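Input: a single structure, listed below in structure tokens.
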Amino acid sequence: MAHTHDHAAQGHDHSHGAGHVHGSTDKKRVLIAACLTAGFMVAETLGAIFTGSLALLADAGHMLADCVALGLAWYAFHLASRPATVRLTYGFGRVKTLVAYTNGIAIFAIALWIVYEAWGRLLAPAPVLGGPMLVVAIAGLLVNLGSFYVLHGGDRGSLNMRGAILHVLGDLLGSAAAIVAALVILATGWTPIDPILSVLVSLLILSTAWSLMRQAAHVLLEGVPASLDRDLIARDIEGSIKGVREVHHMHVWSLDGSSNMATLHACLNDGVDAHMAVSAIKKRLAAEHGIAHATVEPEFGQCADRHEHDDEHEHAHDTAPHRGHYH
15 MAHTHDHAAQ GHDHSHGAGH VHGSTDKKRV LIAACLTAGF MVAETLGAIF
65 TGSLALLADA GHMLADCVAL GLAWYAFHLA SRPATVRLTY GFGRVKTLVA
115 YTNGIAIFAI ALWIVYEAWG RLLAPAPVLG GPMLVVAIAG LLVNLGSFYV
165 LHGGDRGSLN MRGAILHVLG DLLGSAAAIV AALVILATGW TPIDPILSVL
215 VSLLILSTAW SLMRQAAHVL LEGVPASLDR DLIARDIEGS IKGVREVHHM
265 HVWSLDGSSN MATLHACLND GVDAHMAVSA IKKRLAAEHG IAHATVEPEF
315 GQCADRHEHD DEHEHAHDTA PHRGHYH
């Protein structure tokens with residue numbers, strides 16, 4: 015058989031094994047955090063209006079976005095638990111990565127809005143009630159600590175979970191900044207500290223949001239996971255699996271930031287048992303490189319994808335450095 019794969023066996027094991035347990039637990043954690051965040055958001059918004067604090071309003075803005083973001087994260091986990099379909103053969107696992115990317119964009123928008131509001135406050139300072147502001151900020155800090163504790167125990171290898179944690183971390187920093195601002199206002203009466211700290215928190219969150227967006231975009235573009243080196247893996251297979259003469263047409267990617275996959279052509283020596291070679295390659299990929307799902311096409315002699323008009327191009331590849339042959 016020219017094309018050997020294990021979509022049914024390995025795909026099923028991965029979806030319903032440890033990954034399924036993590037997903038179910040993470041789904042509950044995100045729901046709890048969403049409820050805590052939504053419950054306090056209203057109180058903090060009213061507190062911000064009453065005290066005139068931009069720091070509190072900024073934190074309430076974060077919480078509003080987080081209610082939506084955590085809700086989306088919960089729904090992404092819900093979709094990911096659904097089985098694959100005829101049209102979506104990999105299932106809904108990548109929805110979590112899409113939500114993580116969307117969360118990153120939302121954080122950027124909120125942070126830019128806070129910077130804009132802070133600039134206006136610096137140009138035209140407004141009175142701030144430090145005492146009530148401190149009370150609301152401390153209550154917000156306690157709620158955010160609870161949400162962060164719940165989420166922190168989840169699977170931090172999941173981009174969706176990391177996006178949820180990032181939102182709550184932004185709220186946590188916002189509450190801490192509001193507390194500091196309230197203490198400074200109570201001690202000195204200097205109200206510009208309120209917008210200044212809001213901007214500093216926003217800048218810290220922006221850098222983390224950018225990192226999350228880059229990682230999510232890399233997964234969506236099916237880039238090679240940062241922990242893996244495609245060419246080194248190919249050379250490892252050639253050097254460790256008996257009868258494998260060459261590996262080419264190799265692609266390595268991740269479905270959701272944690273589930274790694276690969277496809278490759280394995281050129282075998284004459285007389286080698288193709289089934290045994292393919293099985294050995296799959297075991298090597300899973301045990302040594304964390305690639306639990308692989309599609310391997312065994313070949314003897316000429317590559318099945320090679321065309322007559324590619325002869326000259328293939329000859330150039332054969333005389334080129336080994337690294338250039340994995341495409």
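Mapping to my numbering: the sequence shown position 88 is 102, numbers consecutive. Where a beta carbon is used, it is the ideal one built from N, C-alpha and C, also for glycine. Here the structure is a predicted model, which is why all the values come from computation and not from measurement.
Please tell me whether residue i has its Cβ less than 8 Å away from any Cβ of chain D.
| i | result |
| --- | --- |
| residue 294 | Among the chains of the structure shown, chain D does not appear; only one protein chain is present. |
Report the residue from the options whose alpha carbon sits nearest the alpha carbon of residue i.
| i | options | result |
| --- | --- | --- |
| residue 113 | 62, 164 and 180 | 180 |
| residue 182 | 291, 222, 204 and 193 | 222 |
| residue 270 | 193, 121, 149 and 238 | 238 |
| residue 226 | 117, 140, 200 and 48 | 117 |
| residue 166 | 47, 297 and 302 | 47 |
| residue 203 | 149, 140 and 90 | 140 |
| residue 187 | 206, 205 and 161 | 161 |
| residue 313 | 149, 304, 290 and 283 | 283 |
| residue 90 | 99, 147 and 108 | 108 |
| residue 291 | 185, 315 and 256 | 256 |
Check whether the Cβ atoms of residue i and residue j sit closer than 8 Å, and answer yes or no.
| i | j | result |
| --- | --- | --- |
| residue 174 | residue 87 | yes |
| residue 178 | residue 84 | yes |
| residue 300 | residue 306 | yes |
| residue 265 | residue 279 | no |
| residue 77 | residue 51 | yes |
My output table needs one value for residue i: the three-state DSSP class, helix, strand or coil.
| i | result |
| --- | --- |
| residue 314 | strand |
| residue 138 | coil |
| residue 35 | Because residue 35 carries a pLDDT of 48, less than 50, the predicted location of this residue cannot be relied on, and the following value inherits that uncertainty. Here residue 35 sits in helix by DSSP. |
| residue 99 | coil |
| residue 340 | Caution is warranted here: a pLDDT of 47 is assigned to residue 340, below 50, making its placement in the model unreliable, and the coordinate value is therefore given only provisionally. Looking at residue 340 - three-state DSSP - the assignment turns out to be coil, as it is neither helix nor strand. |
| residue 309 | strand |
| residue 183 | helix |
| residue 67 | coil |
| residue 40 | helix |
| residue 80 | helix |
| residue 14 | Not covered by the structure: residue 14. The range shown for the chain is 15 to 341. |
Please look up how many angstroms separate the CB atoms of residue i and residue j, rounded, as I've assumed it's under 8 Å.
| i | j | result |
| --- | --- | --- |
| residue 58 | residue 68 | At roughly 13 Å, the Cβ-Cβ gap does not stay under 8 Å, so residue 58 and residue 68 are not in contact. |
| residue 259 | residue 281 | 5 Å |
| residue 145 | residue 197 | Actually they do not touch by this definition, with Cβ atoms about 11 Å apart. |
> Hey, which unbroken runs of the beta strand (DSSP E) at 3 residues or more fall wholly within the stretch 214-286?
Replying inline: 258-268 and 274-282
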